[in-house]
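Counting in the numbering used here, the sequence shown runs from 1 upward without gaps.
Encoded as C-alpha coordinates, the structure appears first; notes follow it.
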Amino acid sequence: MRIAVLSETDGAETRVSATPDTVKKYKTLGADVVVQAGAGAKAGIPDADFEAAGASVAANAADALKDADVILKVRRPAEGELSGAKPGALVIAIMDPYGQDAALKALADAQVAAFSMELMPRITRAQVMDVLSSQANLAGYRAVIDATAEYGRAIPMMMTAAGTVPAARIFVMGAGVAGLQAIATARRLGAVVTATDVRPAAKEQVESLGAKFIAVEDEEFKQAETAGGYAKEMSAEYRAKQAELVASHIAKQDIVITTALIPGRPAPKLVTRAMVESMKPGSVIVDLAVERGGNCEVAVPGQVVEHNGVKIVGHLNVPGRLAATASSLYAKNLYAFVETLVNKDTKELAVKWDDELVKATCLTRDGAIVHTAFQPTA
(Lines of atoms letter the chains of each structure in order from A and count residues from 1; the text may use other names and numbers.)
(Lines give C-alpha, C1' and ligand atoms only; values in the text may rest on other atoms or scores of the structure.)
Protein backbone atom coordinates (compact mmCIF):
# COMPACT_ATOMS: atom_id res chain seq x y z
CA MET A 1 0.00 0.00 0.00
CA ARG A 2 1.45 3.29 -1.13
CA ILE A 3 0.26 6.66 0.17
CA ALA A 4 1.11 9.87 -1.69
CA VAL A 5 1.10 13.28 0.01
CA LEU A 6 0.88 16.00 -2.64
CA SER A 7 1.81 19.68 -2.47
CA GLU A 8 -1.03 22.18 -2.75
CA THR A 9 -1.29 23.98 -6.09
CA ASP A 10 -3.39 26.87 -4.73
CA GLY A 11 -0.96 29.65 -3.82
CA ALA A 12 -3.12 30.69 -0.84
CA GLU A 13 -3.04 27.22 0.71
CA THR A 14 -0.39 26.85 3.43
CA ARG A 15 -1.53 23.58 4.97
CA VAL A 16 -0.30 20.07 4.24
CA SER A 17 -2.22 16.80 4.47
CA ALA A 18 0.32 14.81 6.51
CA THR A 19 2.85 15.47 9.25
CA PRO A 20 5.85 13.43 10.44
CA ASP A 21 3.63 12.17 13.27
CA THR A 22 0.97 10.77 10.91
CA VAL A 23 3.65 9.41 8.55
CA LYS A 24 4.86 7.21 11.44
CA LYS A 25 1.30 6.04 12.03
CA TYR A 26 0.81 5.20 8.35
CA LYS A 27 4.02 3.18 8.49
CA THR A 28 2.58 1.09 11.34
CA LEU A 29 -0.42 0.37 9.08
CA GLY A 30 2.05 -1.12 6.60
CA ALA A 31 2.06 1.78 4.14
CA ASP A 32 4.92 3.24 2.15
CA VAL A 33 4.52 7.03 2.29
CA VAL A 34 5.78 9.30 -0.49
CA VAL A 35 5.75 13.06 0.06
CA GLN A 36 6.11 15.53 -2.79
CA ALA A 37 9.14 17.76 -2.23
CA GLY A 38 8.24 20.97 -0.47
CA ALA A 39 4.71 19.84 0.48
CA GLY A 40 5.14 20.89 4.10
CA ALA A 41 7.33 23.96 3.60
CA LYS A 42 4.59 26.57 4.22
CA ALA A 43 3.55 24.73 7.38
CA GLY A 44 7.11 24.74 8.69
CA ILE A 45 7.76 21.05 7.99
CA PRO A 46 10.94 20.47 5.93
CA ASP A 47 11.36 17.42 3.70
CA ALA A 48 14.04 16.12 6.07
CA ASP A 49 11.47 15.78 8.87
CA PHE A 50 9.25 13.63 6.65
CA GLU A 51 12.25 11.48 5.71
CA ALA A 52 13.23 11.10 9.37
CA ALA A 53 9.71 9.81 10.05
CA GLY A 54 10.11 7.13 7.37
CA ALA A 55 8.67 8.76 4.25
CA SER A 56 10.44 9.03 0.93
CA VAL A 57 10.46 12.38 -0.89
CA ALA A 58 9.49 12.60 -4.56
CA ALA A 59 10.86 15.40 -6.72
CA ASN A 60 7.49 16.19 -8.32
CA ALA A 61 3.80 15.31 -8.29
CA ALA A 62 4.12 12.75 -11.09
CA ASP A 63 6.73 10.77 -9.15
CA ALA A 64 4.66 10.97 -5.95
CA LEU A 65 1.49 9.83 -7.73
CA LYS A 66 3.07 6.86 -9.46
CA ASP A 67 1.41 3.64 -8.25
CA ALA A 68 -0.16 5.42 -5.26
CA ASP A 69 -3.15 3.60 -3.74
CA VAL A 70 -4.13 6.57 -1.55
CA ILE A 71 -3.61 10.24 -2.47
CA LEU A 72 -3.88 12.82 0.32
CA LYS A 73 -4.52 16.52 -0.28
CA VAL A 74 -5.85 19.51 1.60
CA ARG A 75 -7.88 20.95 -1.30
CA ARG A 76 -9.57 19.24 -4.22
CA PRO A 77 -7.03 18.37 -6.94
CA ALA A 78 -6.90 20.94 -9.72
CA GLU A 79 -7.62 20.06 -13.33
CA GLY A 80 -4.95 17.71 -14.66
CA GLU A 81 -3.34 17.25 -11.26
CA LEU A 82 -4.33 13.57 -11.14
CA SER A 83 -2.99 12.66 -14.56
CA GLY A 84 -0.83 9.65 -13.86
CA ALA A 85 -2.92 8.45 -10.90
CA LYS A 86 -3.73 4.78 -11.18
CA PRO A 87 -7.38 3.82 -11.72
CA GLY A 88 -9.16 3.07 -8.46
CA ALA A 89 -6.80 5.12 -6.30
CA LEU A 90 -8.45 6.78 -3.30
CA VAL A 91 -8.20 10.58 -3.30
CA ILE A 92 -9.04 12.12 0.08
CA ALA A 93 -9.30 15.90 0.56
CA ILE A 94 -11.59 18.82 1.37
CA MET A 95 -13.44 18.64 -1.94
CA ASP A 96 -15.83 21.62 -1.70
CA PRO A 97 -18.28 19.71 -3.93
CA TYR A 98 -21.34 21.98 -3.90
CA GLY A 99 -21.98 23.54 -7.30
CA GLN A 100 -18.80 22.03 -8.73
CA ASP A 101 -20.28 19.77 -11.41
CA ALA A 102 -17.34 20.08 -13.81
CA ALA A 103 -14.78 19.36 -11.08
CA LEU A 104 -16.68 16.28 -9.91
CA LYS A 105 -16.94 15.03 -13.49
CA ALA A 106 -13.17 15.50 -13.82
CA LEU A 107 -12.63 13.38 -10.71
CA ALA A 108 -14.91 10.69 -12.10
CA ASP A 109 -13.15 10.81 -15.48
CA ALA A 110 -9.81 10.35 -13.70
CA GLN A 111 -11.17 6.96 -12.56
CA VAL A 112 -10.36 7.67 -8.90
CA ALA A 113 -12.48 7.12 -5.80
CA ALA A 114 -12.76 10.65 -4.43
CA PHE A 115 -13.70 11.25 -0.79
CA SER A 116 -14.86 14.61 0.56
CA MET A 117 -13.79 14.96 4.18
CA GLU A 118 -16.22 17.80 4.93
CA LEU A 119 -19.17 15.45 4.25
CA MET A 120 -18.19 13.26 7.23
CA PRO A 121 -21.35 12.55 9.24
CA ARG A 122 -21.56 14.13 12.68
CA ILE A 123 -21.72 10.89 14.64
CA THR A 124 -19.67 9.79 17.64
CA ARG A 125 -17.24 7.47 15.82
CA ALA A 126 -16.47 10.16 13.23
CA GLN A 127 -15.71 13.01 15.64
CA VAL A 128 -11.98 12.45 15.29
CA MET A 129 -12.38 12.76 11.49
CA ASP A 130 -14.41 15.98 11.54
CA VAL A 131 -12.30 18.41 9.51
CA LEU A 132 -14.98 21.11 9.57
CA SER A 133 -14.76 21.23 13.36
CA SER A 134 -10.98 20.99 13.62
CA GLN A 135 -10.42 23.78 11.10
CA ALA A 136 -13.36 25.98 12.19
CA ASN A 137 -12.10 25.85 15.77
CA LEU A 138 -8.82 27.42 14.65
CA ALA A 139 -10.62 29.91 12.40
CA GLY A 140 -12.67 31.15 15.35
CA TYR A 141 -9.55 31.65 17.44
CA ARG A 142 -7.67 33.37 14.64
CA ALA A 143 -10.61 35.67 13.87
CA VAL A 144 -10.33 37.23 17.32
CA ILE A 145 -6.55 37.56 17.01
CA ASP A 146 -6.94 39.22 13.59
CA ALA A 147 -9.62 41.54 14.97
CA THR A 148 -7.46 42.65 17.86
CA ALA A 149 -4.57 43.28 15.45
CA GLU A 150 -6.75 45.69 13.44
CA TYR A 151 -8.44 47.27 16.47
CA GLY A 152 -6.54 50.32 17.68
CA ARG A 153 -7.40 49.90 21.34
CA ALA A 154 -6.89 47.52 24.25
CA ILE A 155 -9.30 44.60 24.69
CA PRO A 156 -9.52 44.09 28.48
CA MET A 157 -10.60 46.65 31.04
CA MET A 158 -7.52 48.25 32.59
CA MET A 159 -7.55 50.37 35.74
CA THR A 160 -4.53 52.64 35.67
CA ALA A 161 -3.33 55.74 37.52
CA ALA A 162 -4.10 57.71 34.37
CA GLY A 163 -7.68 56.45 34.23
CA THR A 164 -9.76 53.40 33.41
CA VAL A 165 -9.67 51.76 29.96
CA PRO A 166 -13.08 50.19 29.22
CA ALA A 167 -13.27 46.61 27.98
CA ALA A 168 -13.92 46.13 24.27
CA ARG A 169 -17.38 44.88 23.29
CA ILE A 170 -17.22 41.91 20.93
CA PHE A 171 -20.29 40.45 19.19
CA VAL A 172 -20.04 36.96 17.63
CA MET A 173 -22.65 36.06 15.00
CA GLY A 174 -23.07 32.32 14.67
CA ALA A 175 -22.29 30.03 17.61
CA GLY A 176 -21.11 26.91 15.85
CA VAL A 177 -17.60 25.56 16.37
CA ALA A 178 -15.89 28.71 15.05
CA GLY A 179 -18.22 31.04 16.93
CA LEU A 180 -17.84 29.24 20.25
CA GLN A 181 -14.06 29.34 19.99
CA ALA A 182 -14.23 33.03 19.08
CA ILE A 183 -16.36 33.63 22.19
CA ALA A 184 -13.95 31.70 24.40
CA THR A 185 -10.92 33.52 22.97
CA ALA A 186 -12.54 36.96 23.29
CA ARG A 187 -13.49 36.18 26.89
CA ARG A 188 -9.92 35.08 27.68
CA LEU A 189 -8.71 38.43 26.34
CA GLY A 190 -11.06 40.24 28.70
CA ALA A 191 -13.73 41.50 26.30
CA VAL A 192 -17.43 41.92 27.10
CA VAL A 193 -18.86 39.29 24.75
CA THR A 194 -22.32 38.81 23.25
CA ALA A 195 -23.37 36.27 20.63
CA THR A 196 -26.29 35.22 18.49
CA ASP A 197 -27.37 32.10 16.60
CA VAL A 198 -30.63 30.80 15.15
CA ARG A 199 -30.27 27.42 16.88
CA PRO A 200 -31.90 27.19 20.33
CA ALA A 201 -29.21 24.81 21.62
CA ALA A 202 -26.62 27.54 21.07
CA LYS A 203 -28.05 29.70 23.85
CA GLU A 204 -26.88 27.40 26.64
CA GLN A 205 -23.48 26.92 24.99
CA VAL A 206 -22.97 30.67 24.61
CA GLU A 207 -23.96 31.36 28.21
CA SER A 208 -21.73 28.54 29.51
CA LEU A 209 -18.76 30.46 28.07
CA GLY A 210 -19.74 33.61 29.93
CA ALA A 211 -21.25 35.51 27.01
CA LYS A 212 -24.73 37.01 26.74
CA PHE A 213 -27.11 35.53 24.15
CA ILE A 214 -28.90 37.91 21.76
CA ALA A 215 -31.84 36.58 19.68
CA VAL A 216 -35.55 36.85 18.95
CA GLU A 217 -36.70 33.77 20.86
CA ASP A 218 -40.08 33.06 19.24
CA GLU A 219 -41.69 29.76 18.14
CA GLU A 220 -39.75 29.63 14.86
CA PHE A 221 -36.52 30.06 16.78
CA LYS A 222 -37.36 26.98 18.88
CA GLN A 223 -37.55 24.82 15.70
CA ALA A 224 -34.50 26.25 13.95
CA GLU A 225 -32.11 23.31 13.87
CA THR A 226 -31.71 20.40 11.45
CA ALA A 227 -31.36 16.80 12.61
CA GLY A 228 -27.66 17.04 11.76
CA GLY A 229 -27.17 19.96 14.14
CA TYR A 230 -26.86 22.63 11.45
CA ALA A 231 -28.78 25.89 11.28
CA LYS A 232 -31.93 25.96 9.16
CA GLU A 233 -32.67 28.80 6.80
CA MET A 234 -35.14 31.09 8.56
CA SER A 235 -38.28 32.74 7.19
CA ALA A 236 -38.16 36.29 5.84
CA GLU A 237 -40.36 37.42 8.74
CA TYR A 238 -37.98 36.01 11.36
CA ARG A 239 -34.93 37.37 9.57
CA ALA A 240 -36.49 40.85 9.59
CA LYS A 241 -37.17 40.72 13.35
CA GLN A 242 -33.70 39.36 14.08
CA ALA A 243 -32.07 41.97 11.81
CA GLU A 244 -33.86 44.76 13.69
CA LEU A 245 -32.59 43.46 17.04
CA VAL A 246 -29.07 42.88 15.70
CA ALA A 247 -28.90 46.30 14.03
CA SER A 248 -29.47 48.13 17.30
CA HIS A 249 -26.94 45.87 19.03
CA ILE A 250 -24.21 46.15 16.39
CA ALA A 251 -24.20 49.94 16.63
CA LYS A 252 -22.83 49.64 20.17
CA GLN A 253 -20.09 47.08 19.40
CA ASP A 254 -16.35 47.55 18.93
CA ILE A 255 -15.69 44.24 17.14
CA VAL A 256 -18.11 41.98 15.23
CA ILE A 257 -17.12 38.47 14.13
CA THR A 258 -19.41 36.66 11.68
CA THR A 259 -19.23 32.88 11.26
CA ALA A 260 -22.61 31.89 9.77
CA LEU A 261 -22.60 29.24 7.04
CA ILE A 262 -25.32 26.96 5.65
CA PRO A 263 -23.91 23.83 3.91
CA GLY A 264 -24.34 23.99 0.13
CA ARG A 265 -25.72 27.54 0.09
CA PRO A 266 -24.26 31.04 -0.12
CA ALA A 267 -23.50 32.57 3.28
CA PRO A 268 -26.49 34.49 4.71
CA LYS A 269 -26.13 38.27 4.69
CA LEU A 270 -26.20 39.31 8.35
CA VAL A 271 -24.45 42.68 8.41
CA THR A 272 -25.79 45.26 5.96
CA ARG A 273 -24.04 48.36 4.72
CA ALA A 274 -26.32 50.43 6.98
CA MET A 275 -25.27 48.37 10.01
CA VAL A 276 -21.59 48.95 9.16
CA GLU A 277 -22.25 52.66 8.87
CA SER A 278 -23.93 52.66 12.30
CA MET A 279 -20.72 51.46 13.98
CA LYS A 280 -18.18 53.83 15.52
CA PRO A 281 -15.07 54.71 13.48
CA GLY A 282 -12.25 52.41 14.55
CA SER A 283 -14.57 49.41 14.92
CA VAL A 284 -13.68 46.11 13.23
CA ILE A 285 -15.68 43.38 11.49
CA VAL A 286 -14.13 39.98 10.72
CA ASP A 287 -16.11 37.98 8.14
CA LEU A 288 -15.23 34.27 8.35
CA ALA A 289 -17.78 33.43 5.64
CA VAL A 290 -16.18 35.64 2.99
CA GLU A 291 -15.21 32.65 0.79
CA ARG A 292 -18.93 31.72 0.54
CA GLY A 293 -20.09 35.19 -0.41
CA GLY A 294 -19.72 36.72 3.04
CA ASN A 295 -22.00 37.55 5.96
CA CYS A 296 -21.11 41.24 5.68
CA GLU A 297 -22.40 43.16 2.67
CA VAL A 298 -19.20 45.20 2.23
CA ALA A 299 -16.62 42.46 2.89
CA VAL A 300 -14.12 41.83 0.08
CA PRO A 301 -12.57 38.35 -0.23
CA GLY A 302 -8.84 38.40 0.53
CA GLN A 303 -8.75 42.04 1.64
CA VAL A 304 -9.00 44.29 4.68
CA VAL A 305 -11.15 47.22 3.54
CA GLU A 306 -12.32 50.34 5.34
CA HIS A 307 -15.86 51.65 5.07
CA ASN A 308 -16.97 54.77 6.91
CA GLY A 309 -14.07 54.35 9.34
CA VAL A 310 -14.87 50.69 10.06
CA LYS A 311 -12.35 47.99 9.03
CA ILE A 312 -13.83 44.86 7.44
CA VAL A 313 -11.44 41.91 7.48
CA GLY A 314 -11.96 39.34 4.72
CA HIS A 315 -8.95 37.02 4.92
CA LEU A 316 -9.15 33.83 2.86
CA ASN A 317 -8.23 30.41 4.27
CA VAL A 318 -8.23 31.58 7.89
CA PRO A 319 -7.23 28.16 9.32
CA GLY A 320 -4.22 28.33 6.96
CA ARG A 321 -3.11 31.46 8.84
CA LEU A 322 -2.17 28.95 11.57
CA ALA A 323 -0.60 26.57 9.07
CA ALA A 324 1.37 24.34 11.45
CA THR A 325 -1.48 23.79 13.90
CA ALA A 326 -4.12 23.45 11.18
CA SER A 327 -1.99 20.89 9.31
CA SER A 328 -1.43 18.88 12.47
CA LEU A 329 -5.15 18.61 13.19
CA TYR A 330 -6.16 18.03 9.57
CA ALA A 331 -3.52 15.31 9.15
CA LYS A 332 -4.90 13.54 12.24
CA ASN A 333 -8.43 13.79 10.83
CA LEU A 334 -7.22 12.14 7.61
CA TYR A 335 -5.30 9.40 9.41
CA ALA A 336 -8.32 8.49 11.54
CA PHE A 337 -10.37 8.01 8.35
CA VAL A 338 -7.69 6.16 6.37
CA GLU A 339 -7.20 3.79 9.30
CA THR A 340 -10.82 2.59 8.87
CA LEU A 341 -10.07 1.71 5.21
CA VAL A 342 -7.16 -0.63 5.98
CA ASN A 343 -7.22 -4.29 7.00
CA LYS A 344 -4.95 -4.44 10.07
CA ASP A 345 -4.10 -8.12 9.51
CA THR A 346 -3.15 -8.06 5.83
CA LYS A 347 -2.00 -4.39 5.96
CA GLU A 348 -3.81 -3.76 2.69
CA LEU A 349 -6.60 -1.41 1.64
CA ALA A 350 -9.98 -2.98 2.31
CA VAL A 351 -12.64 -0.32 1.76
CA LYS A 352 -16.05 -1.33 3.10
CA TRP A 353 -18.18 0.45 0.51
CA ASP A 354 -21.36 0.01 2.55
CA ASP A 355 -19.86 1.61 5.68
CA GLU A 356 -21.78 4.77 6.64
CA LEU A 357 -18.60 6.87 6.70
CA VAL A 358 -17.64 5.74 3.20
CA LYS A 359 -21.14 6.21 1.79
CA ALA A 360 -21.40 9.69 3.28
CA THR A 361 -18.07 10.91 1.88
CA CYS A 362 -17.49 9.02 -1.40
CA LEU A 363 -18.15 11.29 -4.38
CA THR A 364 -16.85 9.27 -7.33
CA ARG A 365 -16.03 5.63 -8.06
CA ASP A 366 -15.43 3.55 -11.17
CA GLY A 367 -15.72 6.55 -13.47
CA ALA A 368 -19.04 7.80 -12.13
CA ILE A 369 -20.33 10.31 -9.60
CA VAL A 370 -21.88 8.01 -6.97
CA HIS A 371 -22.91 10.39 -4.18
CA THR A 372 -26.69 10.85 -4.28
CA ALA A 373 -26.49 14.55 -3.41
CA PHE A 374 -24.31 15.41 -6.40
CA GLN A 375 -25.83 13.48 -9.27
CA PRO A 376 -25.55 15.44 -12.53
CA THR A 377 -28.85 16.85 -13.78
CA ALA A 378 -29.80 16.17 -17.37
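No residue lacks a Cβ here, since even glycine has one placed at the ideal position from N, Cα and C.
Keep in mind that this is a model prediction, so the values were computed, not measured.
Would the beta-carbon of residue i fall within 8 Å of that of residue j?
i, j, result
"S235", "E220", "yes"
"A78", "V34", "no"
"A331", "T28", "no"
"P319", "Q135", "yes"
"V70", "I45", "no"
"G140", "G179", "yes"
"R187", "A211", "yes"
"V5", "G54", "no"
"G174", "A106", "no"
"D47", "A37", "yes"
"G309", "P281", "yes"
Return helix, strand or coil for residue i, following the three-state DSSP convention.
i, result
"Q36", "strand"
"V165", "strand"
"K222", "helix"
"A243", "helix"
"E339", "helix"
"L334", "helix"
"I214", "coil"
"M159", "strand"
"S235", "coil"
"S83", "coil"
"R321", "helix"
Express the C-alpha separation of residue j and residue i in angstroms, rounding to a whole number.
i, j, result
"R122", "V165", "43 Å"
"A324", "E8", "15 Å"
"K73", "L329", "14 Å"
"A149", "A61", "38 Å"
"V172", "I255", "8 Å"
"P263", "R76", "17 Å"
"A114", "V206", "37 Å"
"S116", "G190", "38 Å"
Between which two residues does the alpha helix (DSSP H) harbouring residue i extend?
i, result
"E207", "201–208"
"M275", "273–278"
"E51", "47–52"
"D345", "Looking at the DSSP string, D345 is not in any alpha helix (DSSP H), and its letter there is neither H nor E."
"A360", "356–361"
"L138", "131–150"
"A64", "61–65"
Evaluate residue i with the Cβ neighbour count: other Cβ atoms within 10 Å of its Cβ, from every protein chain shown; 16 or more gives buried, anything less gives exposed.
i, result
"M158", "exposed"
"Q375", "exposed"
"P266", "exposed"
"Q242", "buried"
"D130", "buried"
"R2", "buried"
"V144", "buried"
"T185", "buried"
"T194", "buried"
"Q223", "exposed"
State the start and end residues of the unbroken beta strand (DSSP E) segment that holds residue i.
i, result
"K105", "Looking at the DSSP string, K105 is not in any beta strand (DSSP E); the run it does join, the alpha helix (DSSP H), is 101–109."
"T22", "T22 -> not in any beta strand (DSSP E); alpha helix (DSSP H) instead, spanning 20–28."
"F374", "It is not in any beta strand (DSSP E) - F374 carries neither H nor E in the DSSP assignment."
"E13", "Unbroken run through E13: none, as it is neither H nor E."
"I255", "255–258"
"I3", "2–5"
"A195", "192–196"
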